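Protein chains: 2
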Amino acid sequence: MAELIKVAVDAHGGDNAPTEVVKGVVMALNELDNLKVYLVGMEDIINKELEGKTYDKDRLEIVNATEIIQMAEPPVAAIRRKKDSSIVKGMHLVRNGEADAFVSCGSTGAVLVGGQVIVGRLKGVERPPLAPLIPTAKGFTLLIDCGANVDAKPSNLVQFAKMGTVYMKKMMGIENPTVGIVNIGAEEEKGNMLVKDTFPMLKNCPDINFIGSVEARDIPSGYCDIVVCDAFVGNVILKLYEGLSSMLVSEIKGAMMSSTRSKIGGALVKPAIKNKMKSFSSSEYGGAPLLGLKGLVVKGHGSSDDVEIKNAIRQAVQYTESGMLNILSESFAITEAQEEE
Amino acid sequence: MAELIKVAVDAHGGDNAPTEVVKGVVMALNELDNLKVYLVGMEDIINKELEGKTYDKDRLEIVNATEIIQMAEPPVAAIRRKKDSSIVKGMHLVRNGEADAFVSCGSTGAVLVGGQVIVGRLKGVERPPLAPLIPTAKGFTLLIDCGANVDAKPSNLVQFAKMGTVYMKKMMGIENPTVGIVNIGAEEEKGNMLVKDTFPMLKNCPDINFIGSVEARDIPSGYCDIVVCDAFVGNVILKLYEGLSSMLVSEIKGAMMSSTRSKIGGALVKPAIKNKMKSFSSSEYGGAPLLGLKGLVVKGHGSSDDVEIKNAIRQAVQYTESGMLNILSESFAITEAQEEE
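These protein sequence lines are chains A and B, in that order. Residues in the first sequence are numbered from 33 upward in steps of one, following our numbering. Residues in the second sequence are numbered from 33 upward in steps of one, following our numbering.
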């Protein structure tokens, strides 16, 4: 048998935890033969959720954690104080090499802080970015960074572009992924100070396929494979995607219910537009990887159901199988060595 | 007869100029008895467009301008060099007091630069913001700033909040409009440096109804009446609104055409959802005022048709009638006087 890939999963992360998390873990174990899961959380509760479920018991281990970090808790304090929380214990499994990856649908802030503080950055990586895939007319685009780096430096953004390029190549199989920087106009001289300073650095970076500025208007059409920005702008884009899509979908649904005629029409078009609406009303495909750490951390959407949890776990397995960690590690260690020369 | 309100209009601004502009001007003249229009542009072309149209000729004056500032021209150079362009000449009419307002659907950059350089700022105003109304589930929200202030200071944002408040009160009749600052979380300690520094200043500002942070996710629901941000973030929001809405609408339309069943359904729901889709596929209501100048400048959407041009002209008339200029002028002059004490 091939070596098992070990994924730690936060049993208490997300709106539908622990029920959907445990269901998702069981689905993943049944789908992936080479997966071992460390399910981190309150043992009693997890055991109760597992009752009556069929899976390979040798490949599931419960790691007891007595605390839960709530969504609203200030992340730094929570990571520091709640040593026995599912997030802190899960991160430690990765840090210690017991697990290859950690998946959580819990507090984004706590996951970001825990990733940086507990798992730790790869040598040469300045700031670890959170990089969700957002839906576009052509499929999806990597939006990097949506994490914690709200006052980013140009060199951070260049690293984001490099990490995103490796991710899209290795994980998504895109040969020469295009990179754009979020800007308010197409010309190089446009933008705020950060963008103006970053633009020439991206232009001169040999490791990426930089195609210039991308205006926010062109992101949904799938203008480029990787969209680079600081985390403040990234969060605005991600959250507006979510808010606007779900509002439009509900407005259109509401209009369809407004008369008998439109209700009949609505019933007829429903099968055709249902998937379209669904893919856009959730703003992300799968979990968002927190890149540049000494192990993978995947942040799943807070509203994830069992299938989405399963997909996030599969993503962690694929990431580990792809050897991305080594590639990133080597590429950034080299960069640092060159700079130190 | 009441005194005429004089509005200068750029005959050559926008994708549909001059035909739709001239049609819009004629519509406005026929709708508003107290309007006088200075139509600025190439006399021969304008006269040709006016042929056969019925309107009060005493209230339309053509101001000949032999140059046109193109959309792609670098704005500062264009304003400096093209002295005989419709934008520069229209701005001068406002500066000289010959017109109360100037309406253009041309280059945003040129309008922003021209407004600041030619019309000039009111005493006490640090930076003039461009403030479009964007559609929400509840109606509309003022997004301030979407202009040129991409590296704004906290004091700029506080002024934007104040100007936006006066605008929403006077122009939209909202008694005590709520103000939110774009942020990546609800808590005061969240955000980038600019937001962290601005938040307490907004909280302590007596002239506005500040309700704290607004996450981008909540903007489309109409969470607050005025959304304050720097122009980089504002442009990202505005353009993503536009791109995402039109993409979603076209995806849904496409799905409706995918089978006979859905085509029939689509025909039945069309009347009900048509207006919803339309209101969101254009990202703005009316023209966007450039506030804080010694006269009003209204930037109409580049794709404006005759009705939208007419509405932008009506907006300029209402602005002038409302006495907003005096209110703004007094309020900022006072602030400056207090600060100088």
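Where is the CB? At the ideal position from N, CA and C, for every residue including glycine. Computed from a predicted model, the values in this text were never measured in an experiment.
- In terms of Cβ geometry, L174/B and M203/B do not form a close pair [threshold 7 Å].
- Judged by DSSP in its simplified three-state form, A60/A adopts helix.
- Look at the region 194-214 of chain A: the residues with a C-beta under 7 Å from a C-beta of chain B are V214.
- Excluding the 5 residues flanking it on each side, G254/B has same chain C-beta neighbours closer than 7 Å at T168, A169, K170, G171 and T173, in chain order.
- Taken through DSSP and simplified to helix, strand or coil, S139/B comes out as coil.
- For the region 257-290 of chain A, the set of positions with a beta-carbon nearer than 7 Å to some beta-carbon of chain B reads F264, V265, N267, V268, I269, K271, L272, Y273, E274, G275, L276, S277, M279, L280, E283, I284, A287, M288 and S290 in chain order.
- For the options G129/A, L36/A, I176/A and N181/A, the alpha carbon positioned closest to that of Q148/A is the one of N181/A.
- Of the other Cβ atoms in all chains shown, 16 or more fall within 10 Å of the Cβ of D177/A; this residue is therefore buried.
- Assigned with DSSP and collapsed to three states, V182/A falls in coil, not helix or strand.
- Here the C-alpha atom of R159/B lies approximately 13 Å from the C-alpha atom of P321/B.
- Taking a Cβ-Cβ threshold of 7 Å, the residues of chain A close to E247/B are K271, in chain order.
- Per DSSP, E340/A has no beta bridge partner at all.
- Non-local C-beta neighbours of F364/B in its own chain, meaning closer than 6 Å and more than five positions away in sequence, comprise L154, G156 and V157, ordered along the chain.
- Among the residues of the region 338-356 of chain A, none has a Cβ less than 8 Å away from any Cβ of chain B.
- The C-beta of N224/B comes closer than 7 Å to at least one C-beta of chain A.
- Going by DSSP, G286/B is part of the alpha helix (DSSP H) stretching over A263 to M288.
- What V149/B touches in chain A, judged by beta-carbon distance under 9 Å, is nothing: the nearest beta carbon there is about 18 Å away.
- If you look at D229/A, you'll find it in the alpha helix (DSSP H) that goes M225 to K235.
- Unbroken alpha helix (DSSP H) stretches of 4 residues or longer found wholly inside the region 58-110 of chain B: 75-82, given in chain order.
- When only Cα atoms are considered, V108/B and A142/B end up about 7 Å apart.
- Cβ contact annotation for D42/B (same chain, cutoff 8 Å, sequence separation greater than five): A49, V53, V72, G73, S118, I119, G122, F134, V135, S136, C137 and G138, in chain order.
- Taken through DSSP and simplified to helix, strand or coil, R112/B comes out as helix.
- In the three-state scheme derived from DSSP, where H, G and I count as helix and E and B as strand, D42/B is classed as strand.
- Spanning the alpha carbons of F264/A and P238/B requires a straight line of approximately 28 Å.
- At least one CB atom of chain A sits nearer than 7 Å to the CB of I216/B.
- The Cβ neighbour count for D257/B, taken over all protein chains shown within 10 Å, is at least 16; the residue is labelled buried.
- Exclusion of the five residues before and after G298/B leaves M288 as the residues of its chain whose Cβ lies within less than 6 Å of its Cβ.
- Measuring C-alpha to C-alpha distances from I101/B to each of N66/B, V95/B, I94/B and I111/B identifies I111/B as the nearest.
- Taking a C-beta cut-off of 7 Å against chain B, the contacting residues of the region 182-194 of chain A are V182 and D183, listed in chain order.
- When secondary structure is reduced to three states using DSSP, R153/B falls in the strand class.
- According to DSSP, residue pairing for N241/A in a beta bridge involves T210/A.
- Put simply, the CB of R113/A is far from chain B, with every gap to its CB atoms at 7 Å or more.
- Ranked by how close their Cα comes to the Cα of D65/A, the residues A193/A, D90/A, R127/A and E99/A have D90/A in first place.
- Interface annotation, L323/B: not in contact with chain A, CB-CB separation never under 7 Å.
- Counting only Cβ-Cβ distances below 7 Å, S361/A has no contacts in chain B at all, with the closest Cβ about 29 Å away.
- V214/A and Y87/A have their C-alpha atoms spaced approximately 45 Å apart.
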